[in-house]
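Heads up, the thing below is written out as structure tokens.
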């Protein structure tokens, strides 16, 4: 049975030594003192370790079942979901006007990591609800908010997002689901939606589907799309549940992973729905959910890998196999533990240095959202908009790689399902695909975000790094950090210049390098976070704060990343500068 | 349902334009004219496409079942196995003295790729048998060969290899299985073996287990290990099957993939066995199987990826989604096929350029074995010994990556089991683990093979590349090939020098970089093969031989690999030269 322990000490380090909430002036951040955050994270960690993590294998093994039109979740899910609700965990950062606790998104993110690490498939039931709550909160009428939010904030009712159709995935303009306006202002929704996570289940009294559909008069393509609230059960005037709406589960998909979450085909046969936001502006409303969802998926990328890593470390310490070649770390046992072997170390260091960097980047991203939402800081909004595809794409790619590396430590035993390492890899795999496959993230980054606002957010990002470099370039404590960061930043800027120059004439010149750019930007972001963490750790050491051994470990782990991973930007730059020619050289039938 | 078509044209190109068997002087190679090989490969392709590939999903979905101590293979396997035997496909390169066809190992390899691509799990039943046949052929007495080989060559009886025990994986010295000598010269074998592929099934009359066990008097560790022939059914004097031996199936493992192959726990309770080869020299005998198995696994790495690639290409051509940004390749349909998009192209080019390079390397490796075995060429033997861990480790790493990339082309549909793309990734994953996890391959390469015979094979390898470079450096047709190959070769030699200098004092300095070295050697090998293929394609074009369009595609694909993948050697070299310090910086409890 895989283990999981919330990395609370590392989270505390990022929160209080790196981001320092109390000094930011962001409303609500003054609450986030170390005692408060450690209490919340410890409590979340207990729920994760004792309740959610033990159900992770159960969910994988049993999966969800469709019985007489109703989806049954795995054994134990209902009780765990009740505990999650009772603990108030579903409402952390929701609007207090609708029953939320109003905490910053930063805390929601830290707690979210813990729950995802323990049980990704389970946590999606509330995760999707959170996205739906945000969309209704941002785009709903007062009446809609009063009707739906209080129950959804508590997860008495859960939410879903319905975009994909059999022939319309990335290309939503091709969708066929129709919305017919009714005399009472409602719409009748008809069509087939697929890949609906948490599309049906037995954990909540009601399920509130947010559904994209085409209403008459909107024109072709995505312009005709509107967003609708379509509940599983209609809601009476007094708030009680009324009759069943005309939405049914066609089937549950058999998937590679996240078996504990029901991925449904939903058939809408004239189901009653209500417009959310403006007519024919559904894409915009949906993006409220999508952007949040993309950051959430970027978090999944490393959170699952964190759980895999913990089990790889445990196995590397326990499993006796072979002798240390250098004699270092040799034991009296029949053999030495795997962890003495250099290549096992390399593997674990790759994982650890990625995970801690990704955690810092994700927390910083959450902090940028708080800054944008709570302070109306336009630069923060631009930055997080720029970095969202990087966080989603890079962290899920590397998170999967990291989970696979963790599985590798277990050798043949990692391939056996009972040991749970395969599940981490299979679960992590979806994060590279959903909420926009990573190729789409790269397209979004290079084709849209890089040039947004005349390139202002991109310039602000590089400016931030230059500022850090300037401030710290002569700090001997940051040896091994400053130079690689400078070089990686230069490489990324060169790539951006290349796109600007060549992509104008032929967009293929930019798009052929988009995936490499997303990856190098990911390395740069992690390098920047590692440099900030190293600086913070050095400061704490000098001030005699915290666990000196842990702080030295932090710096050594960062040095590893800077030395062994950051130089990858040069390779990606070389690829980008080789242009579209080699990528597009073949005719389509030559493959 | 996934498709599969044997890439016969590409195989013919490698065979007859690159390796040119008729010109090698290797006994048996004169048979391999284009008409003969195309006939064999086409026939294998038919069996693969019509019989094996359709069973691939069946095997994955049904898996194997243990019923009353007997393993049942998936529906259709028995009939397909009969067709495989009847076609003589199990005996291609076996000794004619025992019923084989005596073809070169090169042909066995080409046909093997086709069968593995179509159905990896199914093909393992005969693949393991082939390894056992080789071991008995190399180490058995005349009597043993007469008893076992004729039935095994036809796969009337299949074979297995029994190494691993619960507490002894890589570290075989810790094994506990015992062999007690009996008065009649036989042994009684007692112990538990795990992860036994094709360990039991209903496809053959008998199963011949080759089992490592400790016989008295051999001393500690691997020195005490001997190899034994332990059949499921004892064989009577007249060759008929006698009583059931005391070996039973403990369980079948639930695995991430290759569900169609029964991975068994085998319990030996005083089972009757006969020594194969010399007493206490079992490891040596086992390596006959292991080396062959490692090349076979290296082949699996790209062969499964080839099948995944074909299905990614088919989907990229069929699936309409989005519009070409550059307008190139735009269609009249509601959207353009995925294959117009630059990032999809990048993905497919990554796959294609890896696959064709790996095929060439694998075929060249097989040719080296033929040269070594049939001509007694010591240099060829040294080369293939050096390259075996590279072929195994690099090709399975990149093959898995490639299968995952193919799955990515399918977007969300790639995560749904019914479409088969997940299976390719799950099946490919095992190849990185079994027959020595890839970290062990890296250790074998750097810790053993690089310095073997005073470094002679390594020098011969680099000499070969230098020779090619010298011969072709001024050939304008090879622009884009010569320089990257030269640079990559330099990088690898520098790394080897670093190991030689620093590893002497502290082996960790070499082993911390072993995985990077394996990977950069893999790139160099593929770069070398691509340069040879480009040269061969250019020659054929000049001579007006073959399909000109296909030859130009070959050169363009190679250029892509040289430009976008070969420069990775610089990154790996930088990592290696950063030494063991960063890798070993943390104490074991700091993870």
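Protein chains in written order, with full-length UniProt numbering: chain A, 1 to 591; chain B, 1 to 591. Built from N, CA and C at the ideal position, the CB exists for glycine as well.
Proximity to residue i [Cα-Cα], best of the options
i, options, result
"residue 431(A)", "460(A), 392(A) and 322(A)", "392(A)"
"residue 512(B)", "588(B), 442(B) and 485(B)", "442(B)"
"residue 8(A)", "2(A), 22(A), 29(A) and 35(A)", "35(A)"
"residue 60(B)", "425(B), 354(B), 205(B) and 501(B)", "425(B)"
"residue 457(B)", "529(B), 377(B) and 484(B)", "377(B)"
"residue 429(B)", "407(A), 437(A) and 444(A)", "407(A)"
"residue 578(B)", "55(B), 383(B) and 498(B)", "498(B)"
"residue 206(A)", "368(A), 158(A) and 546(A)", "158(A)"
"residue 113(A)", "88(A), 131(A) and 6(A)", "6(A)"
"residue 66(B)", "493(B), 254(B) and 316(B)", "254(B)"
"residue 307(B)", "356(B), 264(B) and 268(B)", "356(B)"
Status (buried if at least 16 other CB within 10 Å, exposed otherwise) for residue i
i, result
"residue 446(B)", "buried"
"residue 401(B)", "buried"
"residue 240(A)", "exposed"
"residue 467(A)", "exposed"
"residue 287(A)", "exposed"
"residue 491(A)", "buried"
"residue 592(B)", "Nothing in the structure corresponds to residue 592(B), since chain B is present only between 1 and 591."
"residue 489(A)", "buried"
"residue 147(A)", "buried"
"residue 3(A)", "exposed"
"residue 484(A)", "buried"
"residue 535(A)", "buried"
"residue 311(A)", "buried"
Reduced DSSP secondary structure (H/G/I, E/B, other) of residue i
i, result
"residue 114(A)", "helix"
"residue 206(A)", "strand"
"residue 194(B)", "strand"
"residue 216(A)", "coil"
"residue 503(B)", "helix"
"residue 490(A)", "helix"
"residue 2(A)", "coil"
"residue 470(B)", "helix"
"residue 398(B)", "helix"
"residue 578(A)", "coil"
"residue 337(B)", "strand"
"residue 75(B)", "coil"
"residue 200(B)", "coil"
"residue 226(A)", "strand"
"residue 481(B)", "coil"
"residue 379(A)", "helix"
"residue 24(A)", "coil"
C-beta atoms of residue i and residue j nearer than 8 angstroms
i, j, result
"residue 213(A)", "residue 160(A)", "no"
"residue 247(B)", "residue 266(B)", "yes"
"residue 595(A)", "residue 64(A)", "No information on residue 595(A) is available, as it lies outside the stretch 1 to 591 that chain A covers here."
"residue 296(A)", "residue 187(A)", "no"
"residue 314(B)", "residue 350(B)", "no"
"residue 342(A)", "residue 320(A)", "no"
"residue 593(A)", "residue 244(A)", "Because chain A here runs from 1 to 591, residue 593(A) falls outside it and cannot be looked at."
"residue 261(A)", "residue 324(A)", "no"
Cut-off 6 angstroms between Cβ atoms - residues of its own chain near residue i, not counting five sequence neighbours on either side
i, result
"residue 516(B)", "572, 575 and 576"
"residue 638(B)", "Outside the displayed range of chain B (1 to 591) lies residue 638(B), so it cannot be described from this structure."
"residue 522(B)", "390 and 394"
Beta-carbon contacts of residue i that lie in its chain and below 8 angstroms, excluding the five residues immediately before and after
i, result
"residue 291(A)", "385 and 388"
"residue 93(B)", "100, 101, 102, 103, 104, 105, 107 and 108"
"residue 170(B)", "436, 437 and 440"
Own chain, CB closer than 7 angstroms to residue i, minus 5 neighbours either side, in chain order
i, result
"residue 584(A)", "508 and 512"
"residue 52(A)", "80, 115, 118, 119 and 122"
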